[in-house]
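What follows is a single structure, written as structure tokens, with notes after it.
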Amino acid sequence: MKIIAEVMTSQNLPAPVMNVLIHYVLLQTDMRLTKNYLAKIASHWSRAKLKNAQEAMKFAKDQLNKRTAYQNKQKNNRKSYNKEVVPDWFRERQQQNPSQPSAKDSDKLDDAKEREKLAAMLKEFSEGS
4 MKIIAEVMTS
14 QNLPAPVMNV
24 LIHYVLLQTD
34 MRLTKNYLAK
44 IASHWSRAKL
54 KNAQEAMKFA
64 KDQLNKRTAY
74 QNKQKNNRKS
84 YNKEVVPDWF
94 RERQQQNPSQ
104 PSAKDSDKLD
114 DAKEREKLAA
124 MLKEFSEGS
């Protein structure tokens, strides 16, 4: 209570604005009322020359929206730096040998040939018995 009175007198904020300020600070700091944070926000609101609770609520919402927009912008900027760098030699190798079958494709072909051979052997064995 003493903290609130000190901040209210030092910043010359009206009582309705101070009520909104206290509510805002409690919501932002998980229900902890610290003098420094309260004084910082009160100073900002005092410079904005808020006169009633309605102005204070609108100002608080605007500030919160600006903060979230800034944070989202920062997150988006960080994502753009995570680009994968492909070395030149890798690109050159891809351009030189684009039509070579990959190892997986050749394995599939070998498997198919082996199946055909096994099927033929099975057929011969079953006919011979």
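Quick note: the sequence shown uses my numbering, first residue 4, plus one each step.
Glycine residues also receive a C-beta, built at the ideal position from the N, C-alpha and C atoms.
Small disclaimer: the values here were computed from a predicted structure and weren't measured.
Going by C-alpha to C-alpha distance, which of the options sits closest to residue i?
i	options	result
residue 54	28, 14, 69	14
residue 21	79, 8, 72	8
residue 51	39, 38, 17	17
Between the alpha carbons of residue i and residue j, how many angstroms are there, rounded?
i	j	result
residue 93	residue 113	28 Å
residue 109	residue 131	33 Å
residue 56	residue 74	27 Å
residue 125	residue 115	15 Å
residue 127	residue 111	25 Å
residue 76	residue 89	27 Å
residue 4	residue 61	25 Å
Helix, strand or coil for residue i per DSSP?
i	result
residue 65	helix
residue 17	coil
residue 41	helix
residue 55	coil
residue 23	helix
The alpha helix (DSSP H) that contains residue i, what's its start and end?
i	result
residue 33	Unbroken run through residue 33: none, as it is neither H nor E.
residue 95	91-99
Inset, instruction - Determine contact between the region 19-29 and the region 39-47, defined as no fewer than three beta-carbon pairs at a distance below 8 Å. - result: yes
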